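Structure first, commentary second.
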Amino acid sequence: MKIEFSENKIILSYNDELKDSLEFKLRKKDLYRFAFGIKDLNDPIDYDVPAIVIKNIVINENNIVKYFWELNPFRENPLEDKINNSKIKALNPVWIYNEHQKWKLIASYKKLDNITGFLGAAFDSINSRFFIDCGDKLVIYDLVTANDSVINYKTTSPG
């Protein structure tokens, strides 16, 4: 996002390619607050748009970096600007690091006590179901309902 005070425009770009612009009466002395992912600045739980990925926040003025906030899941609020120590808060952040490195348990299944041999497994992402081939039976576990069903084989699976 780029603010052009001389042209009264807010310019939105992605990878330095113009995506859109907005005519807006701008004054340098005004206070501007930017929020990503919420529509009510006073209610951080009021989500308006899908999640977006922001790496860091950098504000340039005449191609000179004036502010630089590193968005880091290991730093706590308030986040401090590396140039002049001004502070911002990340409200309700969902850090990509946490989703990729720290997996959360969404379901567990402990009914497979008498397993002999290797298990085969498959996941149906459309219906959110796990299929577990136990050799003598097929267990189908539904993640949405947390219910299972069992299909006993007439003969055991090879392997």
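Converting from the sequence shown to my numbering requires adding 887 to each position, the first position being numbered 1.
Cβ atoms here follow ideal geometry from the backbone N, Cα and C, with glycine treated the same way.
All figures in this text were calculated on a predicted structure; none of them were measured in a lab.
message: So, at 6 Å on beta carbons, what are the nonlocal neighbours of S1036 in its own chain, with the 5 sequence-adjacent residues on each side left out?
response: I1027
message: Less than 6 Å between C-beta atoms, sequence neighbours within five positions excluded: which residues of the same chain meet that for A1009?
response: F1018
Cβ shell of K953 (< 7 Å), same chain only, five flanking positions each side left out: I946, N947, I970
field: Supposed close pair K974, P980 - CB separation, criterion 8 Å
entry: Their Cβ separation, rounded to whole angstroms, is 15 Å, which puts K974 and P980 out of contact at 8 Å.
query: With distances taken from CA atoms, which of L909, R962, E986 is nearest K896?
result: L909
- request: Tell me whether W854 is buried or exposed, calling it buried when 16 or more other Cβ atoms sit within 10 Å of its Cβ.
  value: With the chain covering 888 to 1046 only, the question about residue 854 has no answer from this structure.
- prompt: Going by alpha carbons, who is nearest to Q988 out of S900, I898, E967, F961?
  reply: F961
query: Considering only residues of the same chain and omitting the five flanking positions on each side of D968, which have a CB-CB separation below 8 Å?
result: Y954, F955, W956, K974, I975
task: Would you identify the three-state DSSP class for Y954, choosing helix, strand or coil?
output: strand
field: Straight-line Cα distance separating I1013 from K1041
entry: 28 Å
query: Closest by CA to N1076, which one among A1033, R914, D1020?
result: In the structure displayed, the chain extends from 888 to 1046; residue 1076 sits before or after that span and is not available.
Neighbourhood of S900 by C-beta, 6 Å cutoff - its chain only, sequence neighbours within 5 removed: K906
query: Pick from N949, T1043, I944, I951: whose alpha carbon is nearest that of A977?
result: I944
query: In its own chain, which residues sit with a C-beta less than 8 Å from the C-beta of F911, not counting the 5 before and 5 after it?
result: N895, K896, I897
field: Simplified DSSP state of N985, which is helix, strand or coil
entry: helix
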